[in-house]
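> To start, I am sharing the structure in question, which I have written as structure tokens.
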Amino acid sequence: MKAASLTAVLASAAGLAAGAPRAERVRAQDIKVSTLGGATLRVRQVENKHFNPVGQGPRALANTYRKYGMEIPPGLLAIVNRVAQNAGIKSNIKATSNKTDAGAEAEVPALPELHDIEYLAPVQVGTPPQTLNLNFDTGSSDLWVFSSETPESQQKGHKIYNITASSTANRLANHTWSIRYGDGSTSMGNVYLDTVSIGGLSVPQQAIESATRVSYGFTNDPASSGLLGLGFDHINQVKPASQKTFFSNAQSSLAMPLFSANLNKGAAGNYNFGFIDPTEFHGDIAFVPVNTTDGFWQFETSHFSVGAGNTTLLAAPHPAIADTGTTLLMVPSDIVDAYYAQAPTALYDEQVGGYIFACNASAALPDLTLHIGGYAAVVPGAVMNYAPVTGLARLPEGSMCYGGLQSSQGFPFAIYGDIFFKAQWTLFHAGESKIGFASKFKPGNGTVVPPPAVQR
């Protein structure tokens, strides 16, 4: 990694204002409630112990490259294949390449996989309802599932959407979907209209993308039956006419046209639809406008600092997207290098494609503060330890850990994934095209806000 070349600036209003809109600070109780239909929904998360933890750091990084159509660096590609082979995931070895592949209020439990790689929630599809565990993903806009049309060789224990068992399923004639990933693999299939429900909130005639072919990255994840995209409609991959997301179709039935992500490290979290729960965060909500041109929840970050209480900021303006479907926090290399320069034992390891550090030094990881429109979004060092480095013969098992902060070099934007959401409660306000942030940590002591005591 090249040495950081940064410009130090004082934490002044003038400096922060450059290049990014100022954040609007709003108290939760002052946000206008629009009476669209009154429904609210909380989707809760619970623990899932079935995920294979081997090699999670490199696999999470490679998955981000794949998702955004980026070619996986050769070194990272090699380590992912080696880790997969060591873990006995033999079906990954051939497919993991950069070559073209020829072939009312309700409460819902959800499942975070080991090392928080995914946040899943049960979704009911069809009539009678079939329950599928889906990944809620603000970085995409497709609702696709394993189905009775998916080849048995690719189902691999996944719970599927049985199309013929649903009396309300109708094929959307002449429409198909296809998503090509950065390693050359593809997921594709047909499109059906059917009823989709989350916690009692039902959307009839929702477009469901039935997989007739699934990329290897999903076939080896039996806990998940697919994705539920929460991005903007115009990047939906159905052709010839794109389809609306579940959230877009549900907005007219919600009390407010918004949803929030309250994700935690190794503990239960939740998504809320149609309402704001002020017990989930501290202080005001800082809103900034989103740029929806590319279909993402995109905003601007201007500065950063490393270490608790550091008032000297470094300029690092960059566009960023809030993506619940990405595990890591990926930012420009200058920020990453500056951060790990202050982390004891940290080093960049070519073999694992990112920064690692001694697991027994994780308590000394510094805080990272990202300035978004003047709002200081603190990501404590306590959430930066993503997972132990496993499956490598040259390293004792569990001795080194993979950092949750890695470089976004080569990407068109930074990707604020689940590491960021573990620290920052985030509100996605579709009604006003803005995104809001508030701290999940009590000021000064790094204590995470506990889950709400009131059961909904």
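All the letters of the sequence shown, read from the start, carry residue numbers -19 to -1, 1 to 437 under mature numbering (1 follows the signal peptide of the UniProt record, and there is no 0). Think of the CB as a built atom: it goes at the ideal place given N, C-alpha and C, for glycine as much as any other residue. No experiment lies behind these values; they were computed from the predicted model shown.
Just curious, the alpha helix (DSSP H) that T200 is in, first and last residue?
Here residue 200 corresponds to residue number 219 of the sequence shown, with the count starting at 1. First-last of the alpha helix (DSSP H) with T200: Y197 to T200.
> Can you give me the start and stop residues for the beta strand (DSSP E) that N151 sits inside?
Looking up residue 151 in the sequence shown gives position 170. Segment N151 to R161, the beta strand (DSSP E) holding N151.
> Thinking L235 and D123 are a contact (beta carbons under 8 Å), I'd like their distance in whole angstroms, please.
For this step, residue 235 is matched to residue 254 along the sequence shown. For this step, residue 123 is matched to residue 142 along the sequence shown. Between D123 and L235 the Cβ distance is about 21 Å, and since that is not below 8 Å, they are no contact.
> I'd like to know whether the C-beta atoms of Q218 and S159 end up nearer to each other than 8 Å.
On the sequence shown, residue 218 is found 237 positions in, with the first residue counted as 1. On the sequence shown, residue 159 is found 178 positions in, with the first residue counted as 1. Contact: yes.
> Using the DSSP secondary-structure output, state which residues sit across from D175 in a beta bridge.
The residue given as residue 175 occupies position 194 in the sequence shown. Q187, per the DSSP bridge assignment.
> Where does Q387 fall in DSSP's three states?
Residue numbering aside, residue 387 sits at position 406 when the sequence shown is read from its first letter. Q387: strand per DSSP, three-state reduction.
> Could you check the C-alpha separation between L58 and G50 for me, to the nearest Å?
The residue you call residue 58 lines up with position 77 of the sequence shown. The residue you call residue 50 lines up with position 69 of the sequence shown. The alpha-carbon atoms of L58 and G50 are separated by roughly 14 Å.
> Throw me the rounded Cβ distance for the I416 and F268 pair, which I believe falls under 8 Å.
Here the question's residue 416 lines up with position 435 in the sequence shown. Here the question's residue 268 lines up with position 287 in the sequence shown. Their Cβ separation, rounded to whole angstroms, is 7 Å, which keeps I416 and F268 in contact under 8 Å.
> Answer yes or no: do C382 and V364 have a C-beta to C-beta separation smaller than 8 Å?
Within the sequence shown, the letter at position 401 stands for residue 382. Within the sequence shown, the letter at position 383 stands for residue 364. Contact flag unset, no.
> For K30, which residues of its own chain have a beta-carbon under 6 Å away from its beta-carbon, when the five flanking residues on both sides are left out?
In the sequence shown, residue 30 corresponds to position 49, counting from 1. Note that K30 scores a pLDDT of 46, beneath 50, so its modelled location is shaky; the value from the coordinates is reported in the next line. Same-chain partners within the cutoff: there are none.
> Which residues mark the beginning and the end of the alpha helix (DSSP H) in which K48 is found?
Looking up residue 48 in the sequence shown gives position 67. Run containing K48: Q37 to K48, per the alpha helix (DSSP H) assignment.
> How close, in whole Å, do the beta carbons of L301 and Y162 come, if the pair is a contact with beta carbons under 8 Å?
Here residue 301 corresponds to residue number 320 of the sequence shown, with the count starting at 1. Here residue 162 corresponds to residue number 181 of the sequence shown, with the count starting at 1. Here residue 301 turns out to be Ala, not Leu, going by the sequence shown. Not confirmed; about 22 Å, so no contact.
> Exposed or buried, D11, counting other C-beta atoms within 10 Å across all chains shown (16 or more means buried)?
Indexing the sequence shown from 1 puts residue 11 at position 30. When all chains shown are included, D11 counts as exposed.
> What residues in its chain sit with their C-beta under 6 Å from that of G354, if we drop five residues either side in the sequence?
The residue given as residue 354 occupies position 373 in the sequence shown. Hits under 6 Å: A1, P2, R3, A4 and V269.
> Leaving out five residues on either side along the sequence, give the residues of the same chain with a beta carbon under 7 Å from the beta carbon of T193.
Taking the first residue of the sequence shown as 1, we reach residue 193 at position 212. Cβ neighbours of T193 beyond the five flanking positions: E130, T131, M169, G170 and N171.
> May I have a chain-ordered list of the beta strand (DSSP E) segments no shorter than 3 residues that lie completely inside the segment 352 to 385?
If we require 3 residues or more, the beta strand (DSSP E) runs fully inside the segment 352 to 385 come out as 356 to 360, 366 to 369 and 381 to 384.
> Please confirm if the segment 221 to 232 is in contact with the segment 280 to 287, defined as three or more CB-CB distances below 8 Å between the two stretches.
Because the criterion of three Cβ pairs below 8 Å is not met, the segment 221 to 232 and the segment 280 to 287 do not touch.
> Enumerate in chain order the residues of its own chain whose CB-to-CB distance from A368 is below 6 Å, with the five nearest sequence positions on each side excluded.
Translated into positions along the sequence shown, residue 368 becomes position 387. Once the five neighbours on either side are set aside, the close Cβ partners of A368 are Q37, G38, H96 and Y383.
> Between the segment 131 to 145 and the segment 183 to 201, do at least 3 Cβ pairs fall closer than 8 Å?
Result yes; three or more Cβ-Cβ pairs closer than 8 Å.
> Which whole-angstrom value describes the C-beta separation of G120 and G306, a residue pair presumed to lie in contact below a C-beta threshold of 8 Å?
Residue mapping note: residue 120 aligns to position 139 of the sequence shown, counting from 1. Residue mapping note: residue 306 aligns to position 325 of the sequence shown, counting from 1. Contact flag correct, Cβ pair sits at about 5 Å.
> Return the bridge partner residues of W406 from the DSSP annotation.
In the sequence shown, residue 406 corresponds to position 425, counting from 1. The partner list for W406 (beta bridge, DSSP) reads A419.
> Run through DSSP, which three-state label would F213 get?
Your numbering for residue 213 matches position 232 in the sequence shown. Coil, per DSSP.
> Under the DSSP definition of a beta bridge, which residues are partnered with V104?
Taking the first residue of the sequence shown as position 1, residue 104 is located at position 123. Answer is L113, bridged to V104.
> Rounding to the nearest angstrom, what Cα-Cα distance links R152 and Y173 in this structure?
The residue given as residue 152 occupies position 171 in the sequence shown. The residue given as residue 173 occupies position 192 in the sequence shown. Cα to Cα, R152 sits roughly 4 Å from Y173.
> Should F409 and P361 be called a contact, given that it needs their Cβ atoms to be closer than 8 Å?
Here residue 409 corresponds to residue number 428 of the sequence shown, with the count starting at 1. Here residue 361 corresponds to residue number 380 of the sequence shown, with the count starting at 1. Result no, Cβ atoms of F409 and P361 do not sit closer than 8 Å.
> Where does N243 fall in DSSP's three states?
On the sequence shown, position 262 is the one that residue 243 refers to. Of the three classes helix, strand and coil, the one that applies to N243 here is strand, per DSSP.
> In whole angstroms, give me the CA-to-CA distance for D348 and I400.
By one-based count along the sequence shown, residue 348 stands at place 367. By one-based count along the sequence shown, residue 400 stands at place 419. If you take the alpha carbons of D348 and I400, they lie about 12 Å apart.
> Taking the Cβ atom as the reference point for each residue, do G264 and D118 lie within a distance shorter than 8 Å?
Reading the sequence shown from its first residue, position 283 is the one you call residue 264. Reading the sequence shown from its first residue, position 137 is the one you call residue 118. No. Outside cutoff.
> Roughly how many angstroms lie between the CA atoms of P259 and R63, to the nearest whole one?
Mapped onto the sequence shown, residue 259 falls at position 278. Mapped onto the sequence shown, residue 63 falls at position 82. Each residue's alpha carbon lies about 45 Å from the other.
> Does DSSP classify D265 as helix, strand or coil?
In the sequence shown, residue 265 corresponds to position 284, counting from 1. Of the three classes helix, strand and coil, the one that applies to D265 here is strand, per DSSP.
> I'd like to know whether the C-beta of N155 is nearer than 8 Å to at least one C-beta of chain D.
Given the protein chain composition of this structure (a single chain), no chain D is represented.
> Once you ignore the five residues that flank R6 on each side, which residues in its own chain have a CB closer than 6 Å to its CB?
Position 25 of the sequence shown, counted from the first residue, corresponds to residue 6. Here the set comprises D265 and A267.
> Can you pull the DSSP bridge partners for H284?
Residue 284 sits at position 303 when you count from the first residue of the sequence shown. Paired residue(s): A296 and H352.
> Could you say which of E261, H139 and N272 lies nearest to P203 if we only look at CA atoms?
What you label residue 203 is simply residue 222 of the sequence shown in a count that begins at 1. For P203, the nearest C-alpha among the options comes from H139.
> Determine the DSSP secondary structure at E86, reduced to helix, strand or coil.
In the sequence shown, the residue the question calls residue 86 occupies position 105. Since pLDDT at E86 reaches only 38, below the 50 mark, its modelled position is unreliable, and the value read off the structure follows with that caveat. DSSP places E86 in coil when its eight states are reduced to three.
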